[in-house]
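Heads up: the structure comes next, in structure tokens.
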Amino acid sequence: MNLQHIFLSIFALCLLFISGCNTGESIAVENTSIRKITLRSHYSSNQCGISNASVILINNKAELETIITRSRRAVLSDKPVTLPEINFSENLALLIALGTKSSAGYGIQLNADSAEMRSEKLILPVDIISPDKNGFQAQIMTSPCMIISFTKGGYTQIIVNEVLELQLEL
């Protein structure tokens, strides 16, 4: 009976130790602050006329109009430019451009309707699409871009992907 009592005591201590370790892990995960920020896509084109890959913060309606008007010059169209409705007092807008590409098949795709904010970094769910290396593409100069907006928040850096990011001066 004494041996059984010792075994049960050791077993109970092991359970207590294991549950204590598990609680510490949960606290560490809970302390990681992740906020969801809603995203909206407003404009996308494969002919933006922007030669370099870039991420540009758009602060107001005048800047938005300049960027869209400039990108529409590359497209032969007689349609007037319609500006998206963005409330710049509550939101920021961002231009994501891939720069000039030598063939079709490149693009930018928003793959979720919200971004994650972690440690003052806003991580955007953006996929950069490239043509299949073994496939055939039209040999036409393209310059894909996209304009998205999101709520202003406590972030100081915006990460589009490992290649494109923006350091904010707030």
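Residue numbers (UniProt numbering): 1 to 170.
C-beta atoms are modelled at their ideal positions from N, C-alpha and C, and glycine is treated no differently.
For residue i, tell me which candidate among the options has the shortest Cα-Cα distance.
i, options, result
"Lys101", "Ser130, Gln157, Glu90", "Ser130"
"Ser143", "Arg40, Ile34, Asn46", "Asn46"
"Cys58", "Thr82, Asn87, Thr38, Lys121", "Position check: residue 58 holds Ile in this sequence, whereas Cys was assumed. Ranking Thr82, Asn87, Thr38, Lys121 by Cα distance to Ile58 puts Asn87 first."
"Ser41", "Met141, Ile140, Gln109", "Gln109"
"Ser51", "Asn134, Thr82, Glu65, Arg70", "Arg70"
"Gln137", "Glu85, Ala104, Glu65, Ser44", "Ala104"
"Lys36", "Arg118, Thr66, Tyr43", "Arg118"
"residue 173", "Gln157, Val160, Cys48, Ser149", "Lying outside 1 to 170, the shown extent of the chain, residue 173 is not represented and no answer is given."
Could you check how far apart the C-beta atoms of residue i and residue j are, in whole angstroms? I think they sit under 8 angstroms.
i, j, result
"residue 172", "Ile96", "The structure shown does not extend to residue 172, since the chain is modelled only from 1 through 170, so no value can be given for it."
"Tyr106", "Leu98", "6 angstroms"
"Lys152", "Asn91", "6 angstroms"
"Asp113", "Leu39", "6 angstroms"
Taking the continuous alpha helix (DSSP H) assigned at residue i, which residues delimit it?
i, result
"Thr82", "No alpha helix (DSSP H) contains Thr82, which DSSP labels as neither H nor E."
"Ile67", "61-72"
For the beta strand (DSSP E) containing residue i, name the first residue and the last one.
i, result
"Tyr43", "34-45"
"Val55", "53-58"
"Ile158", "157-159"
Hey, which unbroken runs of the beta strand (DSSP E) at 3 residues or more fall wholly within the UniProt domain "PrcB C-terminal" (94-150)? 107-110, 114-118, 121-123, 126-129
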